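In what follows, a structure is listed as structure tokens, so that the remarks can point back to it.
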Amino acid sequence: MKINTLVKSLALTAGIAASFASYADFMDFEVDETPYNGNVVTADKLNGGYVEYIEFDGAGNFVVSAFASMNQLFGNDGTANSSQIGSVIGANYSLYATFTATGSVSTPGAMGSLSSLTADSGSFTLYLDPNKDTGYTDLASLTLGGDGEDLELGTSESIGSNIGLLYPFGGVFDFMFNEFELTTDGEAYFVSPNPFYMMVNVDGDFDELNLAGSQILTGDVSAVFIPEPATLAVLSLGLLGLGATKRRKA
């Protein structure tokens, strides 16, 4: 491996670890693929690639719109791929997501980066494409083509903790979307847990970026689903109570 590739990989990993990836625990969910000649499978992560339009206004602000093909399901804490968990995604149907964000740029950036991007508003929507034929016709406006029979599975218009970190070789991002709500079609696809997770953590990498004008970026992207904080707090209290009971019995 070349030294610069090694340095890039280590820096990207450090950037992700230093951001909000602590949220991204692998929480299992079940999807029903029987309408697509599959079975009910257990997964814990969505993965894919994206293309993004980003525009800077010259005053330190940016606008983003992106289209992501999410055609890989992973299980076993993100180590087992689609075929290993018995999924027919990518072969019999496709998933894709659209997301948007608006925010500001800081230079120098956080966590040792050249610059960092932070969004104050944004959205994330997940779709199922039974015909595997949807694409974008205008990325800036997120105008899609071939989506007439697609199913909207869930959406969030509430962005939480987020950051994009720009380094000399490229960058990483980690965005949290709150109040993720399934549609009726989403409840038929994501059959467990019920109720479903309320938060989506979207992270990945992006190409080298000039902080001026408009441009197109590409990169890899992953998404995991997370319980809302109140649920986590209840679970933690329950575990504490269980521990106290065991200590009293001892």
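Okay, so the sequence shown: first residue is 1086 according to my numbering, each after it adds one. Glycine included, each C-beta is placed from N, C-alpha and C at the ideal position. Just so you know, these numbers come straight off a predicted model, no measurement behind them.
When the Cα atoms are used, A1128 and S1179 turn out to be separated by approximately 15 Å.
Spatial neighbours of F1291 in its own chain (CB-CB distance under 8 Å, excluding positions within 5 residues in sequence) are listed in chain order as E1137, G1249, G1255, G1256, V1257, F1258, L1302, T1303 and G1304. When the beta-carbon positions are compared, A1186 and N1286 stay at least 9 Å from each other.
Per DSSP, G1271 is one residue of the alpha helix (DSSP H) stretching across T1269 to Y1274. Going by DSSP, I1248 is part of the beta strand (DSSP E) stretching over S1243 to Y1252.
The C-beta distance from G1233 to T1268 rounds to 17 Å, too long to fall under 8 Å, and the pair is not in contact. Residue state for T1219 is assigned as coil, using DSSP reduced to three classes. Look at Y1138 here: in three-state DSSP terms it is strand. One thing to note: V1276 has its Cβ no nearer than 9 Å to the Cβ of K1130. Counting only runs of 3 or more residues that sit fully inside the segment 1157 to 1227, the beta strand (DSSP E) segments are 1179 to 1191, 1200 to 1214 and 1220 to 1223, in chain order. Pairwise C-beta distances place the segment 1155 to 1166 out of contact with the segment 1184 to 1199, as fewer than three of them are shorter than 8 Å. Note on geometry: alpha-carbon atoms of E1313 and P1280 lie some 11 Å from one another. With distances taken between CA atoms, Y1282 lies nearest to F1262 out of G1134, E1293 and F1262.
Restricting attention to G1271, S1201, S1243 and L1229, the CA atom closest to the CA of E1237 is found in G1271. When L1296, N1156 and A1225 are compared, the shortest CA-CA separation from S1307 is found for N1156.
Spanning the alpha carbons of T1222 and G1143 requires a straight line of approximately 27 Å.
A distance below 9 Å separates the beta carbons of F1141 and L1296. Counted as a single uninterrupted DSSP element, the stretch harbouring N1122 is not any beta strand (DSSP E), since DSSP gives it neither H nor E.
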